[in-house]
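Residue numbers (our numbering), protein chains in the order written: chain G, 1 to 225; chain P, 1 to 248; chain B, 1 to 230. Think of the CB as a built atom: it goes at the ideal place given N, C-alpha and C, for glycine as much as any other residue. Computed from a predicted structure; not experimentally measured. Here's the structure, in structure tokens; my notes come after.
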Amino acid sequence: MSADKKSSEPLFSKKNKKLITDPLTDNNPVTIQVLGICSALAITVQVNQAIVMSLSVLFVIIMGNWIVSLLRNLIPSRIRIIVQLLVVASLVIIVDQVLAAFLPDLSAKLSVFVGLIITNCIIMGRLEAFAMANKPWPSILDGFGNGLGYGAILILVAVFRELFGSGTLMGIPIFGNALPGEESGLYAIGYQNNNLMILPPMALIIVGIIIWVQRSRNKALIEEH
Amino acid sequence: MALNKESNGFTFGFAIVLVVVLGVILASLAEGLKPLKEKNVRVKKQIDILSAMMDVEKEGIDRTNAETEFSKYVDLSQAVILNNAGEEVARGKEAFEVDIKKEYRDKNLEEKDKKFPLFIAKDKKSNETRYIIPVVGKGLWGPIWGYICLEEDMRTIQGVSFDHKTETPGLGAEINKPFFMDRWKTSQISNDAGDFQKYEVVKDNSGSTDPSKVDGITGGTITSKGVEEMVNRSLEIYSNYFKNINSK
Amino acid sequence: MESTLDIFVKAIFSENMIFAYFLGMCSYLAVSKTVKTAVGLGAAVIFVLTVTVPVNFLLENYVLKAGALEWLGAEYAELDLSFLSFIMYIAVVASIVQLVEMLVEKFAPALYGALGIFLPLIAVNCSILGGALFMQERQYSTILDATAFSLGSGIGWFIAIVAIAAIREKLRYSNVPGPLRGLGITFIVTGLMGMAFMSFMGIKYGEEAPKEEVETVTTMIETNKENNIN
């Protein structure tokens, strides 16, 4: 890197703040950039699954961005992708081991999808596009912003699916007791959980609807054909 | 000394240092967390075994006190390992280590070499002996498994606990809910002569009147039939053992 | 216990990588604009999956899992290297994809050009790593099962991407509302296809079912007879 500026930017300058807010709206990694779809669909059956997954991805993306940015002047360009992959894979292994040790039931539910964080295009994408060319602090913010954008979509879809699919949020029944023979609340007047919500296809349809809403509000995103 | 980061030497050196550092970090983490992970697996199995005998939530048993509670109910030194003909082949706490799920899936393992553990427990209140049998089978989407608890007479089912990995939520997944598991209680696995009586999981609600039938889950037929197959296949082996014991 | 054929057919239909597990969505969405590119990528995925999963199976069973290194010597029987699985699997996948890339460039340069960046991207395609991770999680006991699983998964992925590409080509002539055009409608159509594929769930594989029912009925008839006599 050439001449370093003597004065560093304030920590939360306008430019840096944008790193956090952009992915939450106009540049959302899932719905606009179309990255990280796999887990956004699979791990959204329950809100607490989605929260744990989002936190895991947040950890990996922030640490990954930070480490790669710190090392960016040392990494030989020939093995660039491999180094990024190694860093991400190691961070994911750490997350997986910690989950298995301290949150075993949740770890069993998340199963292979924790490992699949490695192939989450958002992470590799940010490492290559941002962390390799930027200083550590902005890289951390960029990771944070994209992680939040990802988490926001995950939790939004999960809220829909858990609420309408099981009638609960974070395991707490919202509409009443659904057990046959003990119905209360909405169930007593004949409301039934929409079991389709818990099945994979609904996740796809809900994300499709979210995209519809987003593009209706921002005409610039509409595709040409 | 100018360090050229694109040179072969540096590239190699960097790669090696990175791999070593990562290797050390990951290996120490894995080793450090190993006892905790093993404890988690052990505790889960203990809770599952106990849940065939009682409502573990009501009894206040969870991951924090499972190990002490388990030893109060189950005496592992009395546990037995059977072969597929119902004959005793070993005794003692190694029965706890038998992984029947793995053996069920292992195609390289012959039937006669498979191990079938039996746990002997004591009901704290009545001081009666209970027999707890692990079972494993196949649901619609993935494996299903559970534990069946028999009363002292080695025939009557005192309780069951079933679980699954990926059955359909709201349908097959309901096999681990009390309303389904309660349907198995008080039925008998063998007739007066000690011969095994097969169960049938049915759709026509005759389960409440016929002791050898159990009502399945509406909409979860394949999983329910999977439970039927699992229960019949496993109980047949154990009932041979019980019959031999009782005839002595 | 499932037969190898069971595993193969399930991987194509009821446990389809796209419709049941959403693996490989990124390239699925991006490369499905025309049938030609979809066929090319789908074929590449079948090939990469069918080669990498068995290789990773050997790695898992002879190097990585607890006690796997026994063949080196008894002292190694205690070693459990499974925490390295992620790194090893992705290394195998990256190397094999590199190989495929070189082969495609040499023997089918037009396809190479059409696929562009997506060929190397197969390495980070969740479906490939996912295949290896599922193989590890389900602990298939023979390499034949692992291969049946990966071949089936690849074929399932291929069917999914070619189908959506065909539909998208036709959709271009329909009047899709602006905000739904392209990505939005693709998601919804994929969801509908997923629902359709779920109808494969109830198929019984193998001939065991009828036999058991006959036995149960016979036992019940005999039990009834005994009761009647008594």
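Query raised in the report: Are the Cβ atoms of leucine 58(G) and glycine 145(G) separated by less than 8 Å?
Result: The residue labelled residue 58(G) in the question sits at position 58 within the first sequence. The residue labelled residue 145(G) in the question sits at position 145 within the first sequence. No, the pair does not count as a contact, with Cβ atoms beyond the cut-off.
Requested in this report: Please state whether DSSP places serine 184(G) in a helix, a strand or coil.
Outcome: Taking the first sequence and counting its residues from 1, one reaches residue 184(G) at position 184. Residue state, collapsed to three classes: coil.
Report task. Would you list, in chain order, the members of the stretch 15 to 26 of chain P that have their beta-carbon closer than 7 Å to a beta-carbon of chain B? Result -> Per Cβ criterion, the list reads Leu26.
Query raised in the report: Can at least three beta-carbon pairs, one atom from the stretch 10 to 27 of chain B and one from the stretch 145 to 161 of chain B, be found at a separation below 8 Å?
Result: A contact exists between the stretch 10 to 27 of chain B and the stretch 145 to 161 of chain B.
Query raised in the report: Looking only at C-alpha atoms, which of Phe19(B), Phe187(B), Val35(B) and Tyr173(B) sits nearest to glycine 208(G)?
Result: In the first sequence, the residue the question calls residue 208(G) occupies position 208. The shortest C-alpha separation from glycine 208(G) is found at Phe187(B).
Query raised in the report: So with Cβ pairs under 8 Å, would you call glutamine 139(B) a contact of chain P?
Result: Your numbering for residue 139(B) matches position 139 in the third sequence. It does: the Cβ of glutamine 139(B) has a partner Cβ on chain P nearer than 8 Å.
Query raised in the report: Considering only residues of the same chain and omitting the five flanking positions on each side of tyrosine 62(B), which have a CB-CB separation below 8 Å?
Result: In the third sequence, counting from the first residue as 1, residue 62(B) sits at position 62. For tyrosine 62(B), where only same-chain residues beyond five positions count, the Cβ hits under 8 Å are Ala68, Leu69 and Trp71.
Report task. Verify whether the separation of the beta carbon atoms of valine 80(P) and isoleucine 49(P) is less than 8 Å. Result -> Residue 80(P) sits at position 80 when you count from the first residue of the second sequence. Residue 49(P) sits at position 49 when you count from the first residue of the second sequence. The Cβ atoms of valine 80(P) and isoleucine 49(P) do not sit closer than 8 Å to each other.
Query raised in the report: For tyrosine 131(P), which option in Ser51(P), Ile120(P), Glu6(P) and Asn244(P) has the closest C-alpha, if you only look at C-alpha atoms?
Result: As a first step, residue 131(P) is located in the second sequence; it is residue number 131 there, counting from the start. Per the Cα distances, Ile120(P).
Query - Which of helix, strand or coil DSSP assigns to leucine 74(G) - result: Indexing the first sequence from 1 puts residue 74(G) at position 74. Looking at leucine 74(G) - three-state DSSP - the assignment turns out to be coil, as it is neither helix nor strand.
Query raised in the report: If we ignore side chains and look at the alpha-carbon of each, how far apart do glutamate 208(B) and isoleucine 189(P) end up?
Result: For the purposes of this step, residue 208(B) is taken as residue 208 along the third sequence, with counting starting at 1. For the purposes of this step, residue 189(P) is taken as residue 189 along the second sequence, with counting starting at 1. A caution first: glutamate 208(B) carries a pLDDT of 41, below 50, which makes its placement in the model unreliable, though a value can still be read off. Roughly 23 Å separates the two Cα atoms.
Query raised in the report: Straight-line CA distance for glutamate 167(P) to leucine 199(G)?
Result: Position 167 of the second sequence holds residue 167(P). Position 199 of the first sequence holds residue 199(G). For glutamate 167(P) and leucine 199(G), the gap between their C-alpha atoms comes out near 11 Å.
Query raised in the report: Using the C-alpha atoms, what's the distance from leucine 141(G) back to leucine 19(G)?
Result: Locating residue 19(G) in the first sequence gives position 19, counting from the first residue. Locating residue 141(G) in the first sequence gives position 141, counting from the first residue. Each residue's CA atom was taken as its position, placing leucine 19(G) and leucine 141(G) some 6 Å apart.
Report task. Give a yes or no on whether the minimum CB-CB distance between asparagine 125(B) and chain G is below 8 Å. Result -> For this step, residue 125(B) is matched to residue 125 along the third sequence. Yes - at least one Cβ of chain G is within 8 Å of the one on asparagine 125(B).
Query raised in the report: Would the stretch 26 to 38 of chain B and the stretch 139 to 156 of chain P be scored as touching if the rule is three or more Cβ pairs under 8 Å?
Result: Not touching, per the Cβ criterion.
Query raised in the report: Would DSSP call leucine 69(B) helix, strand or coil?
Result: Translated into the one-based positions of the third sequence, residue 69(B) becomes position 69. Three-state result, leucine 69(B): helix.
Query raised in the report: Can you tell me the Cα-Cα spacing of lysine 147(B) and arginine 138(B), whole angstroms?
Result: In the third sequence, counting from the first residue as 1, residue 147(B) sits at position 147. In the third sequence, counting from the first residue as 1, residue 138(B) sits at position 138. The identity of residue 147(B) in the sequence shown is threonine, whereas the question assumes lysine. So the alpha carbons of these two residues sit roughly 13 Å apart.
Query raised in the report: Looking at the C-beta of arginine 181(B), does it have a partner C-beta in chain C at a distance below 8 Å?
Result: Given the protein chain composition of this structure (G, P and B), no chain C is represented.
Report task. Buried or exposed for valine 214(B), please, with buried defined as at least 16 other CB atoms from any protein chain shown within 10 angstroms of its CB. Result -> Within the third sequence, numbered from 1, the residue matching residue 214(B) stands at position 214. In this predicted model, valine 214(B) has a pLDDT of only 39, less than 50, meaning its place in the structure is not dependable; the value taken from the coordinates is given anyway. Valine 214(B) is exposed by the Cβ-count criterion.
Query raised in the report: Once you ignore the five residues that flank lysine 185(P) on each side, which residues in its own chain have a CB closer than 8 Å to its CB?
Result: Residue numbering aside, residue 185(P) sits at position 185 when the second sequence is read from its first letter. Within the same chain, lysine 185(P) has close Cβ partners Ile157, Gln158, Gly159 and Val160.
Query raised in the report: Of all the CB atoms in chain P, is at least one closer than 8 Å to the CB of glutamine 97(G)?
Result: As a first step, residue 97(G) is located in the first sequence; it is residue number 97 there, counting from the start. Yes, glutamine 97(G) counts as interfacial toward chain P.
Query raised in the report: Contact check, isoleucine 61(P) vs leucine 140(P) under 8 Å by CB: the rounded distance?
Result: In the second sequence, residue 61(P) corresponds to position 61, counting from 1. In the second sequence, residue 140(P) corresponds to position 140, counting from 1. Rounded, the Cβ-Cβ distance is 30 Å, inconsistent with contact.
Report task. Please compile the residues from chain B whose C-beta is within a distance smaller than 9 Å of the C-beta of proline 140(G). Result -> Within the first sequence, residue 140(G) is the residue found at index 140, counting from 1. Checking the displayed sequence, the identity of residue 140(G) turns out to be isoleucine instead of proline. By Cβ distance, chain B contributes nothing, its closest Cβ being about 23 Å from isoleucine 140(G), past 9 Å.
Query raised in the report: Would DSSP call glutamine 197(P) helix, strand or coil?
Result: Your numbering for residue 197(P) matches position 197 in the second sequence. Secondary structure at glutamine 197(P): coil, using DSSP grouped into helix, strand and coil.
**Report entry** Closest residue to glycine 130(B) among Gln98(B), Ser85(B) and Phe197(B) (Cα-Cα distance)
**Finding:** By 1-based counting over the third sequence, the position of residue 130(B) is 130. Cα-wise, what sits closest to glycine 130(B) is Ser85(B).
Query - Local conformation of phenylalanine 162(P) per DSSP, three classes - result: Looking up residue 162(P) in the second sequence gives position 162. When DSSP states are grouped into helix, strand and coil, phenylalanine 162(P) belongs to the strand group.
**Report entry** Contact the stretch 60 to 67 of chain G vs the stretch 127 to 137 of chain G: 3+ CB pairs below 8 Å
**Finding:** Because the criterion of three Cβ pairs below 8 Å is met, the stretch 60 to 67 of chain G and the stretch 127 to 137 of chain G touch.
Query raised in the report: Can you name the residues of chain G whose CB is closer than 8 Å to the CB of threonine 11(P)?
Result: Numbered from its first residue, the second sequence carries residue 11(P) at position 11. Result: Pro76, Arg78 and Ile79.
Query - Beta-carbon separation (whole angstroms), isoleucine 118(G) vs isoleucine 90(B), contact threshold 8 Å - result: Numbered from its first residue, the first sequence carries residue 118(G) at position 118. Numbered from its first residue, the third sequence carries residue 90(B) at position 90. The Cβ separation is near 6 Å, so the contact holds.
Query raised in the report: Is it true that the CB of isoleucine 237(P) sits closer than 8 Å to the CB of leucine 82(P)?
Result: As a first step, residue 82(P) must be located in the second sequence, where it is residue number 82. As a first step, residue 237(P) must be located in the second sequence, where it is residue number 237. In this structure, isoleucine 237(P) lies closer than 8 Å to leucine 82(P) by Cβ.
Query - Delimiting residues of the beta strand (DSSP E) encompassing tyrosine 131(P) - result: Locating residue 131(P) in the second sequence gives position 131, counting from the first residue. In the DSSP annotation of this structure, the continuous segment of the beta strand (DSSP E) that includes tyrosine 131(P) starts and ends at 129 to 138.
Query raised in the report: Between alanine 30(P) and chain G, is there a C-beta pair that is closer than 8 Å?
Result: By one-based count along the second sequence, residue 30(P) stands at place 30. Cβ-Cβ to chain G under 8 Å: yes for alanine 30(P).
Query - Limits of the unbroken beta strand (DSSP E) element including tyrosine 147(P) - result: Position 147 of the second sequence holds residue 147(P). 143 to 150 is the extent of the beta strand (DSSP E) around tyrosine 147(P).
**Report entry** Sequence-distant residues of its chain with Cβ nearer than 7 Å to serine 82(B) (five each side left out)
**Finding:** The residue given as residue 82(B) occupies position 82 in the third sequence. For serine 82(B), where only same-chain residues beyond five positions count, the Cβ hits under 7 Å are Leu64, Lys65 and Ala66.
**Report entry** Enclosing beta strand (DSSP E) for isoleucine 81(P) [first to last residue]
**Finding:** Against the second sequence, residue 81(P) aligns to sequence position 81. In this chain, the beta strand (DSSP E) harbouring isoleucine 81(P) covers 80 to 82.
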